[in-house]
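What follows is a set of notes on a single structure, which appears directly below.
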Amino acid sequence: MKYLSEFLGILLATGRDVLPIVSLLVFFQLVVIKEAIPHLRRLVFGGVAVVLGLALFLWGLDLALFPIGKIMARQLSDPAFVLRGQGDLSWASYYWVYLFAALVGFATTIAEPALIAVAYKASEVSAGAISQWGLRITVAFGVALGISLGTFRIVTGTPLYLFILAGYMVVTVQTIFAPRPIIALAYDSGGVTTSTVTVPLVTALGLGLASTIPGRNPGLDGFGLIAFASLFPIIAVMAYAQVSHWLARRG
Amino acid sequence: MANISGRKSAWSIMAQAAGGKLLAAGLDLLPIILVIAFFQLLVLRQPLPQFGEVCAGLLLVVLGLALFVQGLEMGLFPIGETMAYALARKGSLVWLLLFAFLLGFSTTIAEPALIAVSGEAAEIAREGGFIPPAEVESYRLGLRVTVAVSVGLAIAIGVLRILMGWPVHYLIIGGYGAVMLMTLVAPAEIIGIAYDAGGVTTSTVTVPLVTALGVGLATVIRGRSPLLDGFGLIAFASLLPMIFVMAYGIWVYA
Numbered sequence: 204m205k206y207l208s209e210f211l212g213i214l215l216a217t218g219r220d221v222l223p224i225v226s227l228l229v230f231f232q233l234v235v236i237k238e239a240i241p242h243l244r245r246l247v248f249g250g251v252a253v254v255l256g257l258a259l260f261l262w263g264l265d266l267a268l269f270p271i272g273k274i275m276a277r278q279l280s281d282p283a284f285v286l287r288g289q290g291d292l293s294w295a296s297y298y299w300v301y302l303f304a305a306l307v308g309f310a311t312t313i314a315e316p317a318l319i320a321v322a323y324k325a326s327e328v329s330a331g332a333i334s335q336w337g338l339r340i341t342v343a344f345g346v347a348l349g350i351s352l353g354t355f356r357i358v359t360g361t362p363l364y365l366f367i368l369a370g371y372m373v374v375t376v377q378t379i380f381a382p383r384p385i386i387a388l389a390y391d392s393g394g395v396t397t398s399t400v401t402v403p404l405v406t407a408l409g410l411g412l413a414s415t416i417p418g419r420n421p422g423l424d425g426f427g428l429i430a431f432a433s434l435f436p437i438i439a440v441m442a443y444a445q446v447s448h449w450l451a452r453r454g
Numbered sequence: 068m069a070n071i072s073g074r075k076s077a078w079s080i081m082a083q084a085a086g087g088k089l090l091a092a093g094l095d096l097l098p099i100i101l102v103i104a105f106f107q108l109l110v111l112r113q114p115l116p117q118f119g120e121v122c123a124g125l126l127l128v129v130l131g132l133a134l135f136v137q138g139l140e141m142g143l144f145p146i147g148e149t150m151a152y153a154l155a156r157k158g159s160l161v162w163l164l165l166f167a168f169l170l171g172f173s174t175t176i177a178e179p180a181l182i183a184v185s186g187e188a189a190e191i192a193r194e195g196g197f198i199p200p201a202e203v204e205s206y207r208l209g210l211r212v213t214v215a216v217s218v219g220l221a222i223a224i225g226v227l228r229i230l231m232g233w234p235v236h237y238l239i240i241g242g243y244g245a246v247m248l249m250t251l252v253a254p255a256e257i258i259g260i261a262y263d264a265g266g267v268t269t270s271t272v273t274v275p276l277v278t279a280l281g282v283g284l285a286t287v288i289r290g291r292s293p294l295l296d297g298f299g300l301i302a303f304a305s306l307l308p309m310i311f312v313m314a315y316g317i318w319v320y321a
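Here's what the structure looks like:
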């Protein structure tokens, strides 16, 4: 009974979140477009499947993943765990945190539904030239590198904008050399990596680190991991396209 | 007899498709399970808490993801494309841009991640003494509206770009320049939040719809390539909120 009411609550919340989209679509359909919709029943069925699927997905994450993930993020960034008999606390003592950040970034990105959607579309539009798994794994590597570097930044206290500025410069230079068809997709893959699965875990890690490391302010230093997770996939996707383009030309 | 066996094979095809989706969803989830197990058992050396609940939760995640992907193919993608075709056929630029703006605005204003982030941001601004406690609520709402308006504008500009055939990289690199310039003048308290605001705006339901809209438009408009011109809307929706949130910060803290 407790589980049923929990699920109904999540289903209701998901329904409320998509309500603005549904009303927008219905309004444009009835007032502006005024044409019969082909396969209406199929579309409605698909829409219901999306909402139901998303609600089940979120419910499962709440039950299984988020509690453990958040506890683990706290435990790993706890100074008592980081020290474990070593002398001083330096940036290098946090190696488990960097590894955890990278692996969690990679794993949650693979499960991110929005990225699955974009990879599906990209593969369809490019007639299979861009493979779904190829794109998803490349993006996940980018997120892994980004979040790991982001935790390093929180530990050392380097200003966020320096990293972002450097990242933008790299992206700008890559844009000049990357094969043109990949550019728009690469930019998009920065935005889709961080939603349902990644954000809660990564935010917990960032705030946990910023509140346990002496001299860090959670308000100022806890933010910024999402920005890293949005920037590095762009670099990764363009780099992958450049390397495979170069290999194809060479071989 | 032929009829019966035909129906049977239709059922078995459906069952196979459902099995394939479930298997794919299980594969999507495998890395998370491995990472959690590795850290819990080998690094932290603690047993998994509430093992039964975790297993049930993982089953739900797999089921939900499979259902979502099914709905994506049947519902979200076709809906986005149908709207793109219908609006392009109608030939009215105003309605198309209005649709694009409202799609961005309406999905962002209700986005739970944004509500959470703007709440935290308001709390930080109050604790830092930058805004009086009485204005926390209006600051929070202001931030939400700012981000939603910027996402709406971003999608509208992105759609205009597809129509006009402007290269995506000029706009994005120009946007990066604007972000860096704003960073120089924006108050330090807003910068981290502004950078993160770009990432949280694009939700799981918005992304497929917006992608299908862009690809659909680039498909029907002559001279546009779906791959070259159809993507890029999400990128604008991640970039413009950064600029707008910093502008909002400059205006509030000044």
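Quick mapping for you: the protein sequence lines, in order, are chains A and B. Adding 203 to a residue's 1-based position in the first sequence gives its number in the numbering used here. Adding 67 to a residue's 1-based position in the second sequence gives its number in the numbering used here. Glycine residues also receive a C-beta, built at the ideal position from the N, C-alpha and C atoms. This structure is a prediction, so every number in the text was calculated from the model and none was measured.
Would you decide whether residue i is buried or exposed? Buried here means 16 or more other CB atoms lie within 10 Å of its CB.
i, result
"Gly418(A)", "exposed"
"His236(B)", "buried"
"Ser72(B)", "Because Ser72(B) sits at a pLDDT of 49, beneath the cut-off of 50, its placement in the model cannot be relied upon, and the following sentence gives the value as read from the coordinates. When all chains shown are included, Ser72(B) counts as exposed."
"Gln117(B)", "exposed"
"Glu194(B)", "exposed"
"Glu148(B)", "buried"
"Tyr364(A)", "buried"
"Tyr206(B)", "buried"
"Ala69(B)", "For Ala69(B), the predicted model reports a pLDDT of 44, less than 50, meaning its position is unreliable and no value from the coordinates is stated."
"Ile80(B)", "exposed"
"Leu307(B)", "buried"
"Met249(B)", "buried"
"Thr361(A)", "exposed"
"Met372(A)", "exposed"
"Trp318(B)", "exposed"
"Pro316(A)", "buried"
"Arg244(A)", "exposed"
"Glu256(B)", "buried"
"Gln83(B)", "exposed"
"Ala451(A)", "exposed"
"Trp294(A)", "exposed"
Against residue i, what residues of chain B qualify as contacts under a CB-to-CB distance less than 7 Å, listed in chain order?
i, result
"Trp262(A)", "Leu127"
"Pro316(A)", "Leu132, Phe135, Thr271"
"Gln278(A)", "Leu111"
"Leu306(A)", "Val102"
Show which residues of chain A have a CB atom less than 7 Å away from the CB atom of residue i.
i, result
"Pro293(B)", "Val328"
"Ile288(B)", "Going along chain A, no residue has its Cβ under 7 Å from Ile288(B), so there is no contact; the nearest lies around 14 Å."
Measuring CB to CB, does residue i end up less than 8 Å from residue j?
i, j, result
"Thr213(B)", "Val312(B)", "yes"
"Ile307(A)", "Ser280(A)", "The displayed chain sequence assigns Val, not Ile, to residue 307(A). No, these two residues do not count as a Cβ contact at 8 Å."
"Thr396(A)", "Val342(A)", "yes"
"Leu210(B)", "Ala180(B)", "no"
"Ile172(B)", "Gly219(B)", "Before going further, note that residue 172(B) is Phe rather than Ile in the sequence given. The answer is yes: Cβ separation under 8 Å."
"Ala151(B)", "Val287(B)", "yes"
"Thr311(A)", "Ala258(A)", "no"
"Leu134(B)", "Gly256(A)", "yes"
"Ala325(A)", "Gly124(B)", "no"
"Ser351(A)", "Ala283(A)", "no"
"Gln335(A)", "Ala322(A)", "yes"
"Phe230(A)", "Gly349(A)", "no"
Under 8 Å Cβ-Cβ, which residues of chain C neighbour residue i?
i, result
"Lys157(B)", "Looking for chain C here will not work: the only protein chains present are A and B."
Mind pulling the chain A residues with CB within less than 9 Å of residue i?
i, result
"Pro331(B)", "Any property of residue 331(B) remains undetermined from this structure, which presents chain B solely from 68 to 321."
"Phe197(B)", "None at all; the shortest Cβ gap to chain A is about 11 Å."
Output, in chain order, the set of chain A residues within a Cβ distance shorter than 8 Å of residue i.
i, result
"Glu120(B)", "Leu266, Ala267"
"Ile258(B)", "Leu363, Tyr364"
"Leu276(B)", "Ile224"
"Gly186(B)", "Simply none; closest approach about 13 Å."
Show which residues of chain B have a CB atom less than 9 Å away from the CB atom of residue i.
i, result
"Tyr371(A)", "Ile240, Tyr243, Gly244, Val246, Met247"
"Lys205(A)", "Under the 9 Å cutoff, chain B gives no residues; its nearest Cβ is about 12 Å from Lys205(A)."
"Trp294(A)", "Correct list: empty, because the minimum Cβ distance to chain B is about 19 Å."
"Tyr390(A)", "Val235, His236, Ile239, Phe298, Gly299, Ile301, Ala302, Phe303, Ser305, Leu306"
Which whole-angstrom value describes the C-beta separation of residue i and residue j, a residue pair presumed to lie in contact below a C-beta threshold of 8 Å?
i, j, result
"Tyr390(A)", "Ala302(B)", "3 Å"
"Leu170(B)", "Ile222(B)", "6 Å"
"Val221(A)", "Val272(B)", "6 Å"
"Leu111(B)", "Gln278(A)", "6 Å"
"Val128(B)", "Leu264(A)", "6 Å"
"Gly266(B)", "Ser433(A)", "4 Å"
Hey, is residue i close to the ligand PLP, as in C-beta under 7 Å from one of its heavy atoms?
i, result
"Ile80(B)", "The ligand content of the structure shown is nil, which means the ligand PLP is not present either."
Output, in chain order, the set of chain B residues within a Cβ distance shorter than 8 Å of residue i.
i, result
"Arg383(A)", "Leu295"
**Request:** Within the stretch 222-289 of chain A, note down every full alpha helix (DSSP H) run reaching 4 residues or more, in order along the chain.
**Result:** The stretch 222-289 of chain A contains these whole alpha helix (DSSP H) runs: 243-263, 269-280, 282-286.
**Message:** Please give me, in chain order, every unbroken run of the alpha helix (DSSP H) with length at least 4 that falls completely inside the stretch 226-261 of chain B.
**Reply:** 235-252
**Item:** In chain order, each beta strand (DSSP E) run of at least 3 residues that lies wholly inside the stretch 333-384 of chain A
**Value:** none
**Request:** Would you list, in sequence order, the uninterrupted alpha helix (DSSP H) runs of no fewer than 4 residues that lie entirely inside the stretch 404-449 of chain A?
**Result:** 421-424
**Prompt:** Could you give the uninterrupted runs of the alpha helix (DSSP H) lying entirely in the stretch 112-164 of chain B, keeping only those of 4 residues or more?
**Reply:** 118-138, 144-157
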